Amino acid sequence: AMRERGESWQFCGYGGPKMQRAGCDLLEDLTQLAIMGVTEVVRKIPKFWGLYRRADDFLRRERPDAVVLIDYPGFNWWIARAAKRHGIPVFYYGVPQMWAWAPWRVRKMRRLVDHVLCKLPFERDWYQQRGCRATFVGHPYFDELATRRVDEEFAATLQGKGPLVTLLPGSRKKEVQYNWPILQKAAVLVKASRPDCRLVAACFSEQHAALVRTCCERAGVQIEVYHGRTPELIREASVCLACSGSVSLELLYHQKPSVIVFWGPRWRMAFVRRFVLQVRYITLVNLLGTDDGLTGRPVRFDPDAEDAERIPMPEYLTSEDCSPQVARHAIEWLADPEAHARKVEQLGRIRDEVVAQGASATAAAYICNVLLDQIPPAHQAA
């Protein structure tokens with residue numbers, strides 16, 4: 022998007038094959054350095070230190086007009102620190118969700134980043150109130166969803182055989198291991214109430230699909246398991262049961278009545294509630310659809326509370342078996358067309374407010390406008 026505004030501009034940095042194809046001269050392919058676990062991180066410290074020294078030297082020698090950071094905060098903070106030391110403006114596109122887990126780190130954002138480009142509307146106000154120059158540009162995930170191609174032939178096979186209940190157990194193996202048992206039990210309860218419904222699982226990888234199939238076989242549960250079919254399985258669903266994550270934005274995009282689950286061991290959930298989460302809800306859609314989402318600690322969702330309906334997606338952050346509660350929502354939506362329609366309408370109102378397409382183009386326009394105001398005309402011509 023930036024290149025479309027300045028064909029002669031040059032780009033270099035750390036990234037992957039897609040950035041390279043877009044015209045970026047890679048200093049290093051970071052997709053080869055994806056790591057998890059403390060041991061692996063420690064082992065890779067010399068490598069990352071070398072990347073930082075190389076970046077620092079490049080910034081000192083070449084003095085680019087700007088540094089653009091994207092998403093992940095870890096290594097990006099080191100790049101930002103080097104850029105500021107050399108007097109190079111720093112833009113952060115898709116800032117970390119520190120309002121949810123580390124609000125005190127906004128001091129670092131204020132000190133190291135000149136322009137904060139936010140993906141979510143409430144982030145702009147949150148950062149501005151804390152002294153950052155912030156603007157809302159939109160979420161690039163919605164751009165991806167708008168251009169995603171769906172296999173219509175496969176989608177047609179999901180239609181006309183009763184309500185479709187789609188289960189989404191997460192994109193990481195540990196998430197699947199923790200959350201699938203709850204989703205599976207809930208699905209069994211839904212099926213008992215609505216024998217005509219069709220149960221399907223949308224898995225991120227074949228490895229996850231194999232794990233889910235094994236669990237179903239052991240429990241004697243009939244659930245169709247797919248991987249690589251998430252767009253179709255969400256679009257055609259009547260209701261969805263999902264592990265907490267960015268998938269909630271896709272569920273919002275398609276206005277699907279959904280229940281969100283995030284299960285973990287008791288000690289872990291206690292730690293998350295007490296020391297990690299700084300917001301009332303774990304689901305992005307609930308933060309977008311309520312006016313109190315950024316205040317206080319996580320609250321236990323009560324489906325019988327007077328204001329339960331105002332929460333767009335019932336959510337369960339728990340170490341207990343919440344499958345009866347999860348199933349209860351799905352059963353109600355399937356049995357009561359009016360309740361289903363109210364939830365769809367509620368999600369539609371939120372979608373109309375927050376789903377703005379063209380996030381990357383908007384971010385590019387902002388960056389280019391700032392730089393063209395600062396770059397001398399002779400430099401612009403070059």
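Add 21 to the 1-based position in the sequence shown for our numbering, that's all there is to it. In this text, a Cβ means the ideal position worked out from N, Cα and C, and glycines have one as well. Since we're looking at a predicted model, the values are computed, not measured.
Helix, strand or coil: which one does DSSP assign to residue i?
i	result
E28	coil
E264	Just to set this straight, residue 264 is Cys in the shown sequence, not Glu. Note: C264 maps to strand in three-state DSSP.
H350	helix
A155	strand
Y93	coil
H405	There is no way to answer for residue 405, as the model of the chain reaches only from 22 to 403.
G36	strand
F283	strand
R219	strand
E341	coil
H136	strand
P398	The predicted position of P398 is uncertain, since its pLDDT is 47 and thus under 50; a value taken from the coordinates is nonetheless stated next. In the structure shown, P398 sits in a helix (DSSP, three-state: H, G or I).
Y302	coil
L355	helix
D328	coil
V242	coil
A403	Confidence at A403 is low in this model, with a pLDDT of 36, below 50, so the placement of that residue is unreliable and no value is reported for it.
E257	coil
L425	In this structure the chain extends from 22 to 403, so residue 425 is not present and cannot be described.
V297	helix
V376	coil
Given that a residue counts as buried once 16 or more other Cβ atoms are within 10 Å of its Cβ, and exposed if not, what is residue i?
i	result
Q205	buried
E227	exposed
A222	buried
K277	buried
A403	Because A403 sits at a pLDDT of 36, beneath the cut-off of 50, its placement in the model cannot be relied upon, and the point is left open.
T187	buried
L393	exposed
A104	buried
N390	exposed
A399	Because the pLDDT at A399 is just 41, under 50, the model does not fix this residue reliably, and the value given afterwards should be weighed accordingly. By the 10 Å Cβ count, A399 comes out exposed.
V63	exposed
I66	exposed
G36	buried
P397	Note that P397 scores a pLDDT of 49, beneath 50, so its modelled location is shaky; the value from the coordinates is reported in the next line. By the neighbour-count rule (16 or more Cβ atoms within 10 Å), P397 is not buried but exposed.
T168	exposed
P319	buried
T235	exposed
W70	exposed
E196	buried
F267	Sequence inspection shows Ser at residue 267; the Phe mentioned does not correspond to that position. S267 should be labelled exposed.
E359	exposed
K182	exposed
In the DSSP assignment, the alpha helix (DSSP H) including residue i goes from what residue to what residue?
i	result
A121	119-122
S214	194-214
F163	161-168
F418	The question about residue 418 has no answer here: the residues shown for the chain are numbered 22 through 403.
E174	173-177
Return the first residue and the last residue of the beta strand (DSSP E) that residue i is part of.
i	result
T316	Neither: T316 is in no beta strand (DSSP E) and is coded neither H nor E.
L189	185-189
L48	45-50
Do the segment 86-106 and the segment 257-264 touch if we need at least three Cβ pairs shorter than 8 Å?
-> no
Could you tell me whether the segment 329-341 touches the segment 302-313, using the rule of 3 or more Cβ pairs below 8 Å?
-> yes
Counting Cβ pairs, one atom from each stretch, are 3 or more of them under 8 Å apart for the segment 316-330 and the segment 224-242?
-> no
Taking contact to mean at least 3 C-beta pairs separated by less than 8 Å, is the segment 366-384 in contact with the segment 338-351?
-> With a cut-off of 8 Å, the segment 338-351 and the segment 366-384 do not count as touching, because too few Cβ pairs lie within range.
Inter-stretch contact (C-beta, 8 Å, three-pair minimum) for the segment 155-171 and the segment 130-147 = yes
Evaluate contact between the segment 177-194 and the segment 243-261, counting only Cβ atoms and requiring at least three cross-stretch pairs below 8 Å.
-> yes
Three CB pairs or more closer than 8 Å across the segment 92-112 and the segment 275-293 | no
Evaluate the contact criterion for the segment 165-182 versus the segment 145-154: three or more CB pairs, one atom per stretch, below 8 Å.
-> With the cut-off at 8 Å, the segment 165-182 and the segment 145-154 do not touch.
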